[in-house]
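S.K.: Position one of the sequence shown corresponds to residue 3 (my numbering), numbered consecutively onward. Using N, Cα and C, we set each Cβ at its ideal position, and we do this for glycine too. Note that this is a predicted model, so its numbers are computed, not measured. Here it is: the structure, laid out below.
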Amino acid sequence: MKIGIIRHFKVNCHKNLFMTSKEFKKWEDNYNKSDVIEEDVELMGIKWDKCYSSTLIRAIITAQHVYKKDIIKNDLIRETIIDPIFKSDFKLPYWFWAVSGRLAWYFNHKSQEEIKIITREKAEKFVDLLLDEAKTEGTENILIVTHGFFMYSLQKELKKRGFIGKFIYSPKNGVLYLHKKE
Numbered sequence: 003m004k005i006g007i008i009r010h011f012k013v014n015c016h017k018n019l020f021m022t023s024k025e026f027k028k029w030e031d032n033y034n035k036s037d038v039i040e041e042d043v044e045l046m047g048i049k050w051d052k053c054y055s056s057t058l059i060r061a062i063i064t065a066q067h068v069y070k071k072d073i074i075k076n077d078l079i080r081e082t083i084i085d086p087i088f089k090s091d092f093k094l095p096y097w098f099w100a101v102s103g104r105l106a107w108y109f110n111h112k113s114q115e116e117i118k119i120i121t122r123e124k125a126e127k128f129v130d131l132l133l134d135e136a137k138t139e140g141t142e143n144i145l146i147v148t149h150g151f152f153m154y155s156l157q158k159e160l161k162k163r164g165f166i167g168k169f170i171y172s173p174k175n176g177v178l179y180l181h182k183k184e
C-alpha cells in the first residue's frame, strides 16, 4: 500500500511583520480563505486510486489540480488551529505569535482551541478510516492533500502503523511525500 501526502500549494496571502493578537487571528482567518499559487506536482508515476483533501480551500484547490476524479473532503485532516498565547494590543512580530502558539499547542496550553492530544486523535481517526476503507474497497494507492503542521502528526501515526517513508519536519508546498507498507 502506498500513501502519498502533499502539503497544499503556497498560499497567496500577505502578512504584516508586526501584529496584535487580534490581527494575528484575522490574518489566520484570511490565510484560510486565500487563493493559492498553482504549480506542477511530481506524482512519481503512481496511479492514485483515491484522494482525500482537507476541507480548507487551499487543500481543495491543490487536490483538484493533482487529482482529476472525485475528491473526498475530510475535516480530520484540516490544519491544526493556532491561537495567540495571550491577548495583546501591543504589536509583536508575526513569528512570535506563530512560534509561541505552536509551543503552547505542544504543551497543551489552555490558550489553544486545539491541543496536541486533539491533533493526535484526529490523525489516529483519519488513519483508522483510511485503512478501513482501503481494506473494504481494495484501494492500494491513496493520495492525501493536507497541511504542513498537521503532516507531522499524520506521519507519526502512519509510522506507528508500520508505514515507511522519509519523516519530513518542514514539508514543502506542492511536493509529494511517499509512505509505503508491504
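#1: Going by the CB atoms, is the gap between S36 and V147 shorter than 8 Å?
#2: Check whether the region 12-25 and the region 92-101 are in contact - that is, three or more C-beta pairs closer than 8 Å.
#3: Cutting at 8 Å between CB atoms, please list the residues of its own chain near K27, excluding the five before and the five after it.
#4: I79: which of I144, I39 and S155 sits nearest, CA to CA?
#5: Scan the region 50-90 and note each continuous beta strand (DSSP E) run of 3 residues or more that stays entirely inside, going in chain order.
#6: Just the C-alpha distance for E123 and I144, rounded to the nearest angstrom, thanks.
#7: Whose C-beta lies closer than 7 Å to the C-beta of E44 among residues of the same chain, with five residues either side of it excluded?
#8: Could you say if the region 4-17 and the region 152-171 meet the contact criterion of at least three C-beta pairs nearer than 8 Å?
#9: Between the alpha carbons of F165 and L133, how many angstroms are there, rounded?
#10: For a test of the three-state rule: what should DSSP assign to V177, helix, strand or coil?
M.R.: Reading off the structure:
#1: As a position in the sequence shown, residue 147 is number 145, starting the count at 1. As a position in the sequence shown, residue 36 is number 34, starting the count at 1. Contact flag unset, no.
#2: yes
#3: Locating residue 27 in the sequence shown gives position 25, counting from the first residue. Answer for K27: D85 and P86, listed in chain order.
#4: On the sequence shown, residue 79 is found 77 positions in, with the first residue counted as 1. Closest by alpha carbon: S155.
#5: 52-55
#6: Mapped onto the sequence shown, residue 123 falls at position 121. Mapped onto the sequence shown, residue 144 falls at position 142. E123 and I144 have their C-alpha atoms some 20 Å from each other.
#7: Within the sequence shown, residue 44 is the residue found at index 42, counting from 1. Closer than 7 Å at the Cβ level, and outside the excluded window around E44, lie L178.
#8: yes
#9: Counting from one through the sequence shown, the residue named residue 165 turns up at place 163. Counting from one through the sequence shown, the residue named residue 133 turns up at place 131. In this structure, the alpha-carbon of F165 lies about 12 Å from that of L133.
#10: Counting from one through the sequence shown, the residue named residue 177 turns up at place 175. In the structure shown, V177 adopts coil according to DSSP, grouped into three states.
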